[in-house]
Amino acid sequence: MSDSNSIPILLRVNGRTHRLFAEPRRLLSDVLREDCGLTGTHVGCEHGVCGACTILVDGAPARSCLLYAVQAQGNDITTIEAFGAEGKLSPVQQALHEEHGLQCGFCTPGIVVTMEAWLAENADPTEAEIRDALSGNLCRCTGYHNIVAAIAKAARRRREETVK
Amino acid sequence: MTGTKAIGAALPRKEDYRFVTGQGRYLDDIVVPGCLHAHFIRSPHAHARIASIDSAAALKAEGVISIVTGRELEEWTTPVRMAPPIEGLQPVEFTTLPIDKVRFIGDPVVCIVATDRYLAEDAAELVTIDYVVLDPVPDLDRALAVDAPLVDESLTSNLVSRQSFTAGDPARCFAEADFIVETSFNQHRQTHAPIETRGCCAIWEQGRRHLTMHIGNQVPHPFRTQLARRMRLTESQVTVACPDIGGAFGQKIALYREELTVAALARHLRRPVRWREDRNENLIAASHAREDIARTRAAVGKDGRILALELEIVEDFGAYCFYPANYLARVVAMILTGPYRISDYAFEMKIVLTNKCGSGPMRAPMAITSWIMDGTIEAIARRLALDPIEVRLTNMLRAADLPYTMPTGLVVEDVTPRETLHAALEAFDIPGFRVRQQNDRARGIYRGAGLCCVVESTTYGSAFYKAAGIPGSGHEAGWVRIEPSGAVNASVGLMASGQGYETTFAQVVAEPLGIDPNDVQIHLGNTDTAPYGMGSRGARGGTAGGSVLLIAAQALRDKVLTIAATLLGLNTSGELRLNASRVERRLGGVWTEAGLSLADVAHVAYLDPLRLPSGMEPGLEAHRAYDPPPMTFSNGTHMCEVSVDVQTGKVTLERYLVVDDCGTVLNPVIVRGQQQGAIAMGISGVLLEEVIYDENGQNRSGSFADYLLATAVEIPPIEVISHHTPNQKTPTGSKGMSEGGVMGAIGAVPSAVNDALAPFGVVADHQPFTPMYIRSLLRGKKDQGARND
Numbered sequence: 204m205s206d207s208n209s210i211p212i213l214l215r216v217n218g219r220t221h222r223l224f225a226e227p228r229r230l231l232s233d234v235l236r237e238d239c240g241l242t243g244t245h246v247g248c249e250h251g252v253c254g255a256c257t258i259l260v261d262g263a264p265a266r267s268c269l270l271y272a273v274q275a276q277g278n279d280i281t282t283i284e285a286f287g288a289e290g291k292l293s294p295v296q297q298a299l300h301e302e303h304g305l306q307c308g309f310c311t312p313g314i315v316v317t318m319e320a321w322l323a324e325n326a327d328p329t330e331a332e333i334r335d336a337l338s339g340n341l342c343r344c345t346g347y348h349n350i351v352a353a354i355a356k357a358a359r360r361r362r363e364e365t366v367k
Numbered sequence: 204m205t206g207t208k209a210i211g212a213a214l215p216r217k218e219d220y221r222f223v224t225g226q227g228r229y230l231d232d233i234v235v236p237g238c239l240h241a242h243f244i245r246s247p248h249a250h251a252r253i254a255s256i257d258s259a260a261a262l263k264a265e266g267v268i269s270i271v272t273g274r275e276l277e278e279w280t281t282p283v284r285m286a287p288p289i290e291g292l293q294p295v296e297f298t299t300l301p302i303d304k305v306r307f308i309g310d311p312v313v314c315i316v317a318t319d320r321y322l323a324e325d326a327a328e329l330v331t332i333d334y335v336v337l338d339p340v341p342d343l344d345r346a347l348a349v350d351a352p353l354v355d356e357s358l359t360s361n362l363v364s365r366q367s368f369t370a371g372d373p374a375r376c377f378a379e380a381d382f383i384v385e386t387s388f389n390q391h392r393q394t395h396a397p398i399e400t401r402g403c404c405a406i407w408e409q410g411r412r413h414l415t416m417h418i419g420n421q422v423p424h425p426f427r428t429q430l431a432r433r434m435r436l437t438e439s440q441v442t443v444a445c446p447d448i449g450g451a452f453g454q455k456i457a458l459y460r461e462e463l464t465v466a467a468l469a470r471h472l473r474r475p476v477r478w479r480e481d482r483n484e485n486l487i488a489a490s491h492a493r494e495d496i497a498r499t500r501a502a503v504g505k506d507g508r509i510l511a512l513e514l515e516i517v518e519d520f521g522a523y524c525f526y527p528a529n530y531l532a533r534v535v536a537m538i539l540t541g542p543y544r545i546s547d548y549a550f551e552m553k554i555v556l557t558n559k560c561g562s563g564p565m566r567a568p569m570a571i572t573s574w575i576m577d578g579t580i581e582a583i584a585r586r587l588a589l590d591p592i593e594v595r596l597t598n599m600l601r602a603a604d605l606p607y608t609m610p611t612g613l614v615v616e617d618v619t620p621r622e623t624l625h626a627a628l629e630a631f632d633i634p635g636f637r638v639r640q641q642n643d644r645a646r647g648i649y650r651g652a653g654l655c656c657v658v659e660s661t662t663y664g665s666a667f668y669k670a671a672g673i674p675g676s677g678h679e680a681g682w683v684r685i686e687p688s689g690a691v692n693a694s695v696g697l698m699a700s701g702q703g704y705e706t707t708f709a710q711v712v713a714e715p716l717g718i719d720p721n722d723v724q725i726h727l728g729n730t731d732t733a734p735y736g737m738g739s740r741g742a743r744g745g746t747a748g749g750s751v752l753l754i755a756a757q758a759l760r761d762k763v764l765t766i767a768a769t770l771l772g773l774n775t776s777g778e779l780r781l782n783a784s785r786v787e788r789r790l791g792g793v794w795t796e797a798g799l800s801l802a803d804v805a806h807v808a809y810l811d812p813l814r815l816p817s818g819m820e821p822g823l824e825a826h827r828a829y830d831p832p833p834m835t836f837s838n839g840t841h842m843c844e845v846s847v848d849v850q851t852g853k854v855t856l857e858r859y860l861v862v863d864d865c866g867t868v869l870n871p872v873i874v875r876g877q878q879q880g881a882i883a884m885g886i887s888g889v890l891l892e893e894v895i896y897d898e899n900g901q902n903r904s905g906s907f908a909d910y911l912l913a914t915a916v917e918i919p920p921i922e923v924i925s926h927h928t929p930n931q932k933t934p935t936g937s938k939g940m941s942e943g944g945v946m947g948a949i950g951a952v953p954s955a956v957n958d959a960l961a962p963f964g965v966v967a968d969h970q971p972f973t974p975m976y977i978r979s980l981l982r983g984k985k986d987q988g989a990r991n992d
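Here the protein sequences line up with chains A and B, keeping their order. In case it helps, our numbering puts the first sequence at residues 204 to 367. In case it helps, our numbering puts the second sequence at residues 204 to 992.
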């Protein structure tokens, strides 16, 4: 990369601080993958449609391919690596596994991140609502049927855990 | 025999953990120190001569290491030559990058290598390419015109392939027929659009003169053969190493020009070079598919019986042939009659070059087949005022007809089209639907029920390729090793891109060895490890790959039990089996623990070989190859319900079900997932996806905002009903599956839409069924049965 134009950037990702030098034009998706070594964030289209690169910015889903890394300074960034990190899969991860909600797995991190954030605010969704929320993530393998089933299952489990 | 039933168990996938946690290892996740980045400058013209290329300014740009064109590549690599000895197919040859002229928008012209992808793209702005624009050939009509410019100037015309075939005496049948019914089908251009685009990383080691190519490819060994040949290397100088693949669908089979360029540059520069195409490049320049116009002519008796059938299929193959041009349409023509009893049959195929991206196989290269066949039957039913289900039944093969030799010579056996049709009709409840349809029609809601009967060609044996005039082998190879500790490793020549092979093949290997599938590791995609097989394509994985691993595992089981018999002091292994990783012995009809584990036997086989039976070679490994029957077939019946908003033209899928027979199932969860995914791809293709070229050959579908993939909102829940019966000839009893879903959806959705539109007296026969197209059919039309208030 071009060192002459690089500037210091401070990113807070998954609770850790990353100090790095990067050009202001570098996409957040590239910096997360190449500078922070967090390769679970996938790049599928680089124009904000496919959803594979979805991360959380201060808890809200965002396309990391539509942000520059410099823009994300001062925000709390969460990537797929924060989910299931303690050896226990998150509800969405576990349900995707059980319901065969993934095939090639390339779109999966974006779906996990998007839907975990969404379920936190939508505890008891209908199937139609799940499909609508999922429609920002393209999957070319599964036909979505099992992903939808997995999200419903994850929602149910989250509710049960809350009751406990 | 063993007590364990691993084949057919609904096990969750072993590969999931790494994918759901973001620890999958795809191409871009491989860190290669000092790696350079390649970027391609592509043609902005559909058809133009390359007059000059000036890279001087770009070479001085920051980070730029090298800039090359077709001229350099011509020295470093050999051209592709597609010239199988097939009658009716013109041979074609082209260089690694074009030298004299470009043939489509997106044709790669210049490759820039820089220290960083951003800098490579910056430098592209500084390269000046002068073109002399030529008349484009944007469509079939222009391509076949007498004065058409030649897309490939070494050919005599744009008609790159023309083949015809006749079986029986169709002419006599047409002369004697009560009716002659003509139907047409227009299938549009589509593209695979895997969510991970193409890319590769080439590492040349000058010290040992060895190339390692990291690339997500479905067929690692045939790919290596091509890459080595075109680099003028031996196959022992090239390792193809496939990481996890983010979807392929047929797009990741051929050796593409960009990939060869990157490999050649890595060798030339003696530095690692990687390339990742962006989505625009993937949509306009990777590989396209489909785009056929098909016409059928059926000679029909009064009862709806098809006496003879003729097919004419014209396919737009784009500018370059990465496959023999006849290959895709040929399969359509070969299997067209599918589940129906038709003996007098003729086809004519024309494959045409245009100034578009080259075509290739996309999940169900023969996807249009079932739409053509069942669509023809529905046209017959309309013409004769018969029930289309009855016309299907009148012509459909019965169990007593099997094995049935199709007019093209393919033998259909172990299929159950009548059984799946009846099961689908029962599950769907047509009478109940008709009541709803009538009631809603009175309220201005137009519903339609669709049906499509599919016979899917799944696993192609070598004999099929030979008979069809398509170069290739149908065999697959695999090995299984029990290591000294009793751990089990296995490999096969297939590469996975989402099919779950690490799970299903572990199940296959585990069964004869009487072990837990979790204790079997499947190693895929590295040509130094995996045996030379033909790779993953069509629906061959389960049948060709599963079978060869079963055969290898059975051979190892026999060796293990022979050793066990010796260790136990028995004359024969006939009363021994493996179960739960231990040897069991039948005594008085009861299986009892023999005091020996699989690990004990493995230890002896490797580390204490003097205890082996006399003359037996140490170790526990088996390497086998398997060539399947000429063709195996799966079958299924697809039904769906749509509603058509006649005001806006929007088609909505309300329900979708399939009754499927794909033989012995290795893992029902994975099979169901493959069905759902294939059906979704079919639905997405019928309703949304379209590669659009304008009259100048400009591609107008270069982003996901233009090339529309179905989301979770457009795809309905998909019910999959199993009706599996084993194939008698394959070792596992499986038939193969994964493409029939596309075929069925491409036929069932039009069937439903036309049922919904029937009151208006119109027939939709041009896919995709966009709102604009449906409205164009309905404009000025009225529900002919509606009251005039």
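Glycine is no exception: its CB is placed at the ideal position from the N, C-alpha and C atoms.
- In the structure shown, asparagine 782/B adopts extended strand secondary structure according to DSSP, grouped into three states.
- Closest by C-alpha distance to valine 336/B, out of Asp355/B, Asp344/B, Val305/B and Met834/B, is Val305/B.
- Interface residue (Cβ-Cβ distance to chain B less than 9 angstroms): leucine 305/A is classified as such.
- The three-state reading of DSSP puts isoleucine 766/B in helix, counting H, G and I together.
- Looking at the DSSP output, serine 937/B sits in a beta bridge with Gly866/B.
- At a cut-off of 9 angstroms between C-beta atoms, arginine 219/A does not count as an interface residue with respect to chain B.
- By DSSP's assignment, threonine 973/B forms no beta bridge with any residue.
- Tyrosine 530/B and isoleucine 673/B have their C-alpha atoms roughly 6 angstroms apart.
- For arginine 875/B, same chain residues with a beta-carbon under 6 angstroms away, outside a window of 5 residues either side, are Val923 in chain order.
- Identification of chain A residues near isoleucine 921/B by a Cβ-Cβ cut-off of 7 angstroms yields Gly346 and His348, ordered along the chain.
- Between threonine 311/A and the set Val234/A, Ile210/A, His245/A and Ala265/A, the nearest pair of CA atoms involves His245/A.
- Contact between the region 351 to 366 of chain A and the region 285 to 299 of chain A is established, with three or more Cβ pairs separated by less than 8 angstroms.
- Annotation: the region 420 to 461 of chain B contains the following complete segments of the alpha helix (DSSP H) (minimum length 4 residues), in chain order: 423 to 433.
- In terms of Cα proximity to glycine 504/B, the closest of Ala378/B, Gly798/B and Gly936/B is Ala378/B.
- Isoleucine 283/A reaches chain B at Thr224 and Gly225, counting residues in chain order whose Cβ is nearer than 8 angstroms.
- Those residues of the region 907 to 918 of chain B placed with their C-beta closer than 9 angstroms to a C-beta in chain A are Phe907, Ala908, Leu912, Ala913, Thr914, Ala915, Val916, Glu917 and Ile918, ordered along the chain.
- If you look at glutamate 296/B, you'll find it in the beta strand (DSSP E) that goes 295 to 297.
- Per DSSP, the continuous alpha helix (DSSP H) segment holding serine 573/B begins and ends at 572 to 587.
- For proline 227/A, no CB of chain B lies under 9 angstroms from its own CB, so it is not counted at the interface with that chain.
- Residues of the region 249 to 260 of chain A that bring their beta carbon within less than 8 angstroms of a beta carbon in chain B comprise Glu249, His250, Val252, Cys253 and Ala255, in sequence order.
- Residues of chain B with a Cβ closer than 7 angstroms to the Cβ of aspartate 335/A are, in chain order, Val916.
- Partner residues in the beta bridge of lysine 853/B, as assigned by DSSP, are Asp848/B.
- For the region 312 to 329 of chain B, residues whose beta-carbon sits nearer than 7 angstroms to a beta-carbon of chain A comprise Asp319, Tyr321 and Leu322.
- Just measuring C-alpha positions, the residue of Gly251/A, Gly254/A and Glu284/A sitting nearest glycine 218/A is Glu284/A.
- Taking a cut-off of 8 angstroms on C-beta distances, the region 932 to 939 of chain B does not touch the region 499 to 516 of chain B, as fewer than three cross pairs fall below it.
- Judged by DSSP secondary structure, glutamate 593/B falls within the alpha helix (DSSP H) whose first and last residues are 591 to 598.
- When C-beta distances to chain A are compared with 8 angstroms, the residues of the region 480 to 491 of chain B below that value are Asp481 and Arg482, in chain order.
- Separation of the CB atoms of isoleucine 268/B and valine 316/B is rounded to 5 angstroms, and the pair is thereby assigned contact status at 8 angstroms.
- Boundaries for glycine 651/B: no alpha helix (DSSP H) harbours it, while the beta strand (DSSP E) harbouring it runs 649 to 663, taken from the DSSP string.
- Within chain B, the residues whose beta carbon sits less than 7 angstroms from that of threonine 311/A are Phe222 and Val223, listed in sequence order.
- Under the 10 Å beta carbon count, aspartate 731/B is surrounded by fewer than 16 other beta carbons and is classified as exposed.
- Chain-ordered, the chain A residues with CB closer than 8 angstroms to the CB of isoleucine 882/B read Gly346.
- Residue state for valine 923/B is assigned as strand, using DSSP reduced to three classes.
- Nearest Cα to proline 610/B within the set Leu539/B, Ala570/B and Cys560/B: Leu539/B.
- Not a single CB atom of chain A sits nearer than 9 angstroms to the CB of serine 837/B.
- A straight-line Cα-Cα distance of about 16 angstroms links leucine 276/B and arginine 245/B.
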